[in-house]
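A.B. asks: Going by this note's numbering, the sequence shown opens with residue 69, and the numbers climb by one from there. Ideal Cβ positions, reconstructed from N, Cα and C, are used throughout, including at glycine. In this text, all values refer to a predicted model and were calculated from it rather than measured experimentally.
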Amino acid sequence: MTDLSALLPIIIIVGIVVLIVAGIVIGLVSGRRKKTTYTGPRDANDQTVAPAPPRGAVDGEPAPGAGVGTLPAPAEPQAGAPEEDVLDEAVAERVPTETPAPVAGRLQRLRERLVKSNSLFGKGLLALLSSDTIDENVWDEVEETLLLADIGTEPSLELVGTLRDRVKVMGTRSPEDVKTMLREELVKLVDPGMDRELRISRVDGKPAVVLVVGVNGVGKTTTVGKLARVLVAEDKDVLLGAADTFRAAAAQQLATWGARVGVPTVKSDVDGADPASVAFEAVKAGIEQEVDVVMIDTAGRLQNKVGLMDELGKVKRVIEKQAEVDEVLLVLDATTGQNGLTQAKVFGEVVDITGIVLTKLDGTAKGGIVVAIQKQLGVPVKLVGLGEGPDDLAPFDPEAFVDAILA
Numbered sequence: 069m070t071d072l073s074a075l076l077p078i079i080i081i082v083g084i085v086v087l088i089v090a091g092i093v094i095g096l097v098s099g100r101r102k103k104t105t106y107t108g109p110r111d112a113n114d115q116t117v118a119p120a121p122p123r124g125a126v127d128g129e130p131a132p133g134a135g136v137g138t139l140p141a142p143a144e145p146q147a148g149a150p151e152e153d154v155l156d157e158a159v160a161e162r163v164p165t166e167t168p169a170p171v172a173g174r175l176q177r178l179r180e181r182l183v184k185s186n187s188l189f190g191k192g193l194l195a196l197l198s199s200d201t202i203d204e205n206v207w208d209e210v211e212e213t214l215l216l217a218d219i220g221t222e223p224s225l226e227l228v229g230t231l232r233d234r235v236k237v238m239g240t241r242s243p244e245d246v247k248t249m250l251r252e253e254l255v256k257l258v259d260p261g262m263d264r265e266l267r268i269s270r271v272d273g274k275p276a277v278v279l280v281v282g283v284n285g286v287g288k289t290t291t292v293g294k295l296a297r298v299l300v301a302e303d304k305d306v307l308l309g310a311a312d313t314f315r316a317a318a319a320q321q322l323a324t325w326g327a328r329v330g331v332p333t334v335k336s337d338v339d340g341a342d343p344a345s346v347a348f349e350a351v352k353a354g355i356e357q358e359v360d361v362v363m364i365d366t367a368g369r370l371q372n373k374v375g376l377m378d379e380l381g382k383v384k385r386v387i388e389k390q391a392e393v394d395e396v397l398l399v400l401d402a403t404t405g406q407n408g409l410t411q412a413k414v415f416g417e418v419v420d421i422t423g424i425v426l427t428k429l430d431g432t433a434k435g436g437i438v439v440a441i442q443k444q445l446g447v448p449v450k451l452v453g454l455g456e457g458p459d460d461l462a463p464f465d466p467e468a469f470v471d472a473i474l475a
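1) Between residue 271 and residue 309, is the Cβ-Cβ spacing less than 9 Å?
2) Let me check one thing: in DSSP terms, what residues is residue 274 bridge-paired to?
3) Quick one: what does DSSP say residue 434 is sitting in, helix, strand or coil?
4) Considering only residues of the same chain and omitting the five flanking positions on each side of residue 258, which have a CB-CB separation below 7 Å?
5) Rounded to the nearest angstrom, what separates residue 500 and residue 202 at their Cα positions?
6) List the residues that DSSP assigns as beta-bridge partners of residue 307.
7) Is residue 395 helix, strand or coil when you go by DSSP?
8) From what residue to what residue does the beta strand (DSSP E) around residue 462 run?
9) Hey, would you say residue 430 sits closer than 9 Å to residue 174, going by beta carbons?
10) Quick check on residue 401: does DSSP put it in helix, strand or coil?
11) Apart from the five residues on each side of it in sequence, which residues of its chain come closer than 6 Å, Cβ to Cβ, to residue 445?
12) Does the beta carbon of residue 416 come closer than 9 Å to any beta carbon on chain B?
13) Would DSSP call residue 408 helix, strand or coil?
14) So does the region 343–350 actually touch the region 317–335, counting three or more Cβ pairs closer than 8 Å?
15) Would residue 419 pass as a contact of residue 281 if the rule is Cβ separation under 9 Å?
16) Nearest by alpha-carbon distance to residue 387: which of 254, 274, 305 and 190 is it?
17) Over the uninterrupted alpha helix (DSSP H) stretch that includes residue 384, give me the two end residues.
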């Protein structure tokens with residue numbers, strides 16, 4: 069009995085230790101089970117990924133009823149309704165902020181790229197018009213040179229007729245006289261009197277809204293990102309809307325462009341979400357945050373796809389339930405030449421185009437497309453892309469453009 073009494077404290081201590089160890093083991097097992105519980109598909113950042121919505125059978129559009137979570141229907145959006153569109157702050161945390169290059173004089177700084185691509189056009193005209201004798205064969209060559217530069221038939225004939233008259237009056241002419249004459253006439257043709265100013269100022273307490281449209285592959289999302297840098301360089305407070313919901317990674321690409329200059333992006337986490345709803349929420353956020361400019365990137369669409377073109381008109385109408393659309397910029401690839409005119413005409417029938425952004429102008433010897441577009445559409449070229457760098461988008465300057473051609 070005495071032996072048992074002596075052992076009792078030891079038994080109690082051993083029992084307590086066993087209970088503590090058992091508790092720790094059970095806790096660890098329970099924790100592991102909790103961590104490995106399946107919660108659905110997740111992305112690289114361990115965030116739950118929403119299942120892809122069903123897609124329709126025509127042109128890759130969402131099936132009827134597919135949209136942005138509980139966003140308001142695009143036809144009748146309601147203010148204050150819950151939504152899955154979010155300001156992408158995570159990207160901003162990962163991307164270092166940059167200071168964009170000044171906008172003033174950008175075209176002058178980038179003129180060497182224009183000179184390189186269009187010098188043969190300018191030099192060809194100067195050589196022809198500097199000939200001792202200018203006969204009909206020379207004038208035919210002048211006209212052909214203009215047409216090859218994509219100036220267009222009507223503008224080319226107009227310019228040749230004007231040059232004929234001036235050459236007759238001039239009589240004897242030096243190469244410098246010819247260059248001065250040609251510069252004057254080309255500047256007139258490019259039309260410096262057109263209003264190329266971007267409407268990017270707040271009106272009636274609301275931000276300016278810029279809608280960017282275009283066909284697939286012209287560099288639309290990149291252009292929106294570069295234009296954001298232009299606006300930030302001019303001390304504008306900007307917000308981006310990623311309404312290109314059909315191209316994989318388009319929203320993330322736009323958010324990254326914005327984050328590089330401290331500009332937030334409203335986007336949907338649902339693939340194939342309704343573009344009009346995303347655009348609506350972006351403008352709503354821009355009004356609430358009192359930004360200067362809201363820019364909406366839209367999905368690339370072929371001009372012969374009626375359904376997608378109608379959708380673009382719907383995006384504009386939905387935006388206008390909250391604020392006026394101040395600019396509709398059509399992005400065109402300068403290397404496509406006259407085909408760009410066909411695109412522009414069809415887009416112009418759906419939304420009122422206020423300006424052209426001509427990309428890849430440094431990659432073509434057909435700079436005359438500037439003239440053709442403006443003559444046929446009556447819409448000014450407002451911005452030109454002259455390279456792949458982030459600050460290679462410049463406001464269009466007619467005189468600097470002509471000087472680069474004739475350099």
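C.D. replies: A quick look at the data gives this:
1) In this structure, the beta-carbon distance from residue 271 to residue 309 does not fall below 9 Å.
2) Answer is 271, bridged to residue 274.
3) Here residue 434 sits in coil by DSSP.
4) For residue 258, where only same-chain residues beyond five positions count, the Cβ hits under 7 Å are 438, 439, 466, 469 and 470.
5) With the chain covering 69 to 475 only, the question about residue 500 has no answer from this structure.
6) In the DSSP output, where bridge partners are listed per residue, residue 307 has 362.
7) DSSP, read as helix, strand or coil, puts residue 395 in strand.
8) Per DSSP, residue 462 belongs to the beta strand (DSSP E) from 461–463.
9) At least 9 Å separates the beta-carbon of residue 430 from that of residue 174.
10) In this structure, DSSP gives residue 401 an extended state, which the three-state scheme calls strand.
11) In the same chain as residue 445, and ignoring 5 residues on each side of it, the C-beta atoms closer than 6 Å to its own belong to 412, in chain order.
12) Note that chain B does not occur in the displayed structure, where there is just one protein chain.
13) Three-state DSSP puts residue 408 in a helix.
14) Taking 8 Å as the limit for Cβ pairs, the verdict is that the region 317–335 does touch the region 343–350.
15) The answer is yes: Cβ separation under 9 Å.
16) Cα-wise, what sits closest to residue 387 is 274.
17) Residue range 374–387 is occupied by the alpha helix (DSSP H) that includes residue 384.
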